Amino acid sequence: MIRRALGGVVPLGAALVAFLFGAIMILALGANPIDGLVAILDGAFGTRERVATTAVRATPLLLVGVGITVAFRARVINIGGEGQIVIGALMATAVALAIPDTPRPLLLPLVLIVGMIGGGIWGSIAGVLKAYASVNEILSTIMLNLVAVQVMNYLLRGPMIDQAELEGSRIPQTERLTDNAALPILVPGTRFHLGIVIAVVAAIVVYVLLWRSPLGFRLRAVGHNPDAARASGISVERSLVTAMAISGSLSGLAGAVLVFGSESLRMVTDGSTAGFTGAAGFNGIVAALFGALHPLWTIPSAFLFGSLLTGANNLQRVLQIPSPLAVALNGIVVVFVVSSGRIRAWIERALDDRAERAERSGGGADPVAAAAGSTSGGGDS
Amino acid sequence: MTDRANPPEADDRLEEGDQPVPLLEMRNITKRFPGVVANEDVSFDLHAGEVHTLLGENGAGKSTLMKVLFGLYRPDEGEIRLRGEPVEIASPTDAIEQRIGMVHQHFMLVPTLTVAENVALGLTSSRGPLTDLDAVSARMGEIADRYGLSVDPSVEVWKLSVGERQRVEIIKALYRDAEVLVLDEPTAVLTPQEVDDLFVVLRQMTEAGRGLVFISHKLREVMDLSDRITVLRNGRVTGSTVPAETSRQQLAEMMVGREVNLAPDKPPVDTGAARLVLRNVSVIGDRGTLAVNGVDLDVAGGEILGVAGVSGNGQRELAETVAGLRPAEAGSTVELDGTDITAANPATTRSAGLSYVPEERMRDGAIGEFEVRENLLLVNHRNRSFLRGGLFDNERIRQHCQRLVDAFAVKTPTLDTPTSSLSGGNIQKLIMARELDSDPTVLLAAQPTRGVDIGAAEYIHSQLIDLRGRGVAVLVISEDLDEVLALADRIAVMYEGRIVTVVDRADATREGLGLAMAGAASDAE
């Protein structure tokens, strides 16, 4: 009983501890943590528009996070979400720029698919390197992030730049894209667009893929034990590439959603590494880890981190606390969630020790009763 | 030590010859773990000058009892007496001080250090902060002379053969003047001849008044070496006997608790044409050297070919190459029913008709984290009959898996149980169920019953013989000579990457095969 409950309690406890740290940081910055919490909740959920904004902020995290579950389940540590978002967005934007007059029912699906293809290709590069040249995917995906950002900076400052910017302030951005490629707003008066629904559907599809399809079965087999998978006739190399392709394509889709769901309807950056993505490629990993690498649990997890991001903006407005606090909180959550497996093992071992001690002190007493006694004792503490 | 299986004369005879006070007494030891009683009221004693064997299957409680003796576990109840005095053994250091020694199944030696350094490790030097390796070597020499355990003290351990390493372990214990010496499965890694040599050494030790606890599940050796035998099952002593009063069959039944069939019936089968053909197969091993060197083998339908040999002579690499997991060198040929599978991957060898039961079942055979159902599906998850609309048809899959679990007597609480929580024997039956389900024409089984309980081993053997009856070509690779002799129609012996001999079962002798396993050039006939 306790053991089963531990599975859920420990990650939640990790989040609580992280928020406790957040409270200390707010205190250190000279504000009341209760006021801070109110400001975050108000910022994230205070009005209809704010709820919609939270959902919009959660969407790329969800798409990237769902992709991360696929890669990590096949034991490929994909840190390349940032680069895959960027390449997907660039390719989708290029298509929208090239054929702006294509009618919406054709163009919108097309740009989304092209975004997936772009991210998928970028992800596959690291997958191929890992599968056939044993290149560590953590290194290769981080390096590919840097490459992708430089490609973006070049294209948005040069070939793809808005002609008006050439004479103006030279902001690296494209012209406003055709409305035929815009993600339709579903709730009038808010930013709640179709991309949010697409992301949730993607999570469900990936869930079915991982646990109900032969492909997902192979990916999980390779992730758990590549030797046994290979011996039973599964191509480990192909599975690694496939996992990275799927993972990258979901990040690429996130990139397309970032562009075609944006209010300004253009691809824009500020020259920094996270200028376009808003670090969604990294925060998506956080969301996936907090969702226990399960596509469906990643949905609430992504919305939690989305609300933290919008809430932190409000924190800055109301209490003048810098919004990067949310980024720090993310980091702390990761540390605690990732170490929660170890913490759980410690707790379980402590429970075992207690059970054994209780038995020993009980001497010749009925071992079942002794074990039961110690278990309930463990529950009190 | 009272038991129905033990006739009263045996007790009388023992009591006459032995000292009144045993060297070691473990009285009524009980050790519980949460949910399990590993030892319940176990009593065990050892006299000076005898070999007392502790026999039992995996999980019967042998190693728990020895860990209690060695101070690694505290017993919940019971006491230990040495030379008649009750003692508290709280740690291995206490055990060594009390002159209890242990030779572990997996050697506890530092390969980069010399023999003398390994022996001296953990001892106080007679020269204070400086080492006294010359003195150690000199005393080692005395021990070696006395027991015939010659090993060069100045050579690094990694250069030694497995048999020599084991001698170093024994010297280590003798150097610490162990009076009670526990040998945990000491013969698992030795050739039959090395086993004979070891037994000579062990007998000299008992003649010198030491007491030995011999842990083994190899019944033939137990019968050869023991003065007394105590059998454990499910944490309890099920009987105590002497070799003269029992038989291998009876011991096996005491271990398992029911009738067992050690020599399976093999009805005659007409062998067909060669289905698996290996010609000049050479394979590079993990160390970059030739692990398999020009092997030629044929396995016909309706035949079991046993490959005997001490592990590490290329058997694993040979199996992996046939299964398509390891590339063969140029000039090698592997054919299955006329199809060349030399350069094939596992998917291709499987579709050609090969099934493969790998040696390392938890590494190559099954995925511990996967549920029983998922492991049963590992090979044929692409099968269309398990899919509906491209997705798994869980209802059909469940029926299929339940059928396999029932047919192969896999003991599992549910189909959704994580595979790693099953016993080794049940995991092996699960793998057999999966591999035989695809109706193979050739079955390659490496160490099919290693670490498996007797009941499961019996079942697996009957399945292999059943396959042979259905015209399948069965290649069994095993270190267990008894297993090879019980199953095979022909026996090949592998030594240093080569097949040194192939003999018909009828012409094979244990001695001949043992010589071939040690590399002797003569025929095994």
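Residue numbers (this note's numbering), protein chains in the order written: chain A, 1 to 381; chain B, 1 to 525.
C-beta: ideal position from N, C-alpha, C; glycine also.
As the structure is a computational prediction, the values presented were derived from the model and not from experiment.
Contact set for A/L412: own chain, Cβ-Cβ below 6 Å, skip 5 residues either direction: Residue 412 of chain A cannot be examined here, being either before or after the span of chain A that is shown, 1 to 381.
Assigned exposure category for B/D437 - 16 Cβ within 10 Å defines buried: Under this definition B/D437 is a buried residue.
Beta-carbon proximity check, B/A488 vs B/L276, cutoff 8 Å: Result no, Cβ atoms of B/A488 and B/L276 do not sit closer than 8 Å.
Close Cβ partners of A/S376 (< 8 Å) along its chain, the five nearest in sequence each way excluded: Because the pLDDT at A/S376 is just 35, under 50, the model does not fix this residue reliably, and the point stays unresolved.
Alpha-carbon spacing of B/A343 relative to A/S124, whole angstroms: Rounded to whole angstroms, B/A343 to A/S124 spans 27 Å at the Cα level.
Pick from B/V281, B/I100, B/G451, B/L190 that is closest to B/K172, judged by C-alpha positions: Of the candidates B/V281, B/I100, B/G451, B/L190, the one whose C-alpha sits nearest the C-alpha of B/K172 is B/I100.
Beta-carbon contacts of A/T310 that lie in its chain and below 8 Å, excluding the five residues immediately before and after: So the qualifying residues of the chain are G43, A44, R50, T53, T54, R57.
Proximity winner among B/G338, B/V334, B/V452, B/T114, relative to B/E360 (alpha-carbon distances): Considering only alpha carbons, the answer is B/V452.
Which of helix, strand or coil DSSP assigns to B/F44: Correct three-state label for B/F44: strand.
Under 8 Å (Cβ pairs) to chain B, residues found in the segment 324-343 of chain A: Taking 8 Å as the Cβ-Cβ cut-off, the segment 324-343 of chain A has no residue approaching chain B.
Beta-carbon spacing of B/M432, B/P192 below 8 Å: Taking 8 Å as the Cβ cut-off, B/M432 and B/P192 do not qualify as a contacting pair.
A/R360 in three-state terms, based on DSSP: Below a pLDDT of 50, predicted positions are generally treated as unreliable, and A/R360, at 49, falls in that range; the measurement from the model is reported next regardless. If DSSP states are grouped into helix, strand and coil, A/R360 belongs with the helices.
Continuous alpha helix (DSSP H) stretch holding B/V119: start and end: Boundaries of the alpha helix (DSSP H) harbouring B/V119: 115-120, taken from the DSSP string.
Under the three-state DSSP convention, the category A/N32 falls into: Three-state result, A/N32: coil.
Rounded separation between A/G363 and B/D76 - CA only: With a pLDDT of 39 at A/G363, under the threshold of 50, the predicted position of this residue should be treated as unreliable, though the coordinate-derived value follows. Looking at the two C-alpha atoms, the distance is approximately 7 Å.
C-beta contact flag for A/G284 and A/G65 at 8 Å: Contact flag set, yes.
Residues, ordered as in the chain, of the segment 328-359 of chain B that lie near chain A by beta-carbon distance below 9 Å: Residues N345, P346, A347, T348, T349, R350, S351, Y356, P358.
Distance between A/I343 and B/R74 (C-alpha atoms, nearest Å): Looking at the two C-alpha atoms, the distance is approximately 27 Å.
Residue range of the unbroken beta strand (DSSP E) whose run includes B/M26: It spans 24-33 - the beta strand (DSSP E) in which B/M26 sits, taken as one unbroken run.
Contact set for B/T93: own chain, Cβ-Cβ below 8 Å, skip 5 residues either direction: Excluding sequence neighbours, B/T93 sits near G71.
Pick from B/P111, B/V372, B/T131 that is closest to B/A120, judged by C-alpha positions: If we check each option's Cα against that of B/A120, B/T131 comes out closest.
Contact set for A/G67: own chain, Cβ-Cβ below 6 Å, skip 5 residues either direction: Around A/G67, the same chain offers S247, L250, S251 as residues with beta carbons nearer than 6 Å, after the five sequence neighbours per side are excluded.
Under 9 Å by beta carbon: chain B residues contacting A/D101: Residues of chain B passing the Cβ test: none, with the nearest at roughly 37 Å.
A/L209 versus A/L215: straight-line alpha-carbon distance, rounded: Our two residues, A/L209 and A/L215, have alpha carbons roughly 7 Å apart in a direct line.
DSSP beta-bridge partners of B/I80: According to DSSP, residue pairing for B/I80 in a beta bridge involves B/M26, B/V87.
Contact under 8 Å by Cβ, B/E317 with B/G365: Result no, Cβ atoms of B/E317 and B/G365 do not sit closer than 8 Å.
Residue span of the beta strand (DSSP E) that contains A/M267, given as start and end: Where A/M267 is concerned, there is no enclosing beta strand (DSSP E), because DSSP gives it neither an H nor an E.
Positions along the segment 435-449 of chain B whose CB lies within less than 8 Å of some CB in chain A: Listed by position along the chain: nothing, the set is empty.
8 Å Cβ cut-off: residues of chain B touching A/A131: Result: empty, since nearest Cβ-Cβ is about 14 Å, beyond 8 Å.
Short CB-CB distance (under 8 Å) between B/V269 and chain A: Contact of B/V269 with chain A is not assigned, every C-beta pair being separated by 8 Å or more.
Exposure label - A/T47; buried when at least 16 CB within 10 Å: Exposed: under 16 other Cβ atoms inside 10 Å.
Short Cβ contact (8 Å threshold) for A/T141 with A/A164: It is not a contact, given that the beta carbons lie outside the stated cut-off.
Chain A contact residues for B/D364, given Cβ-Cβ distances below 7 Å: The contacting residues are D227, A228, A231.
Reference A/A14, options A/M244, A/T59, A/G331, A/F217, closest by Cα: Answer by Cα proximity: A/G331.
A/T59 vs A/A203 beta-carbon contact at 8 Å: Going by C-beta atoms, A/T59 is not nearer than 8 Å to A/A203.
For B/P418: DSSP bridge partner residues: Here B/P418 is bridged, per DSSP, to B/E371.
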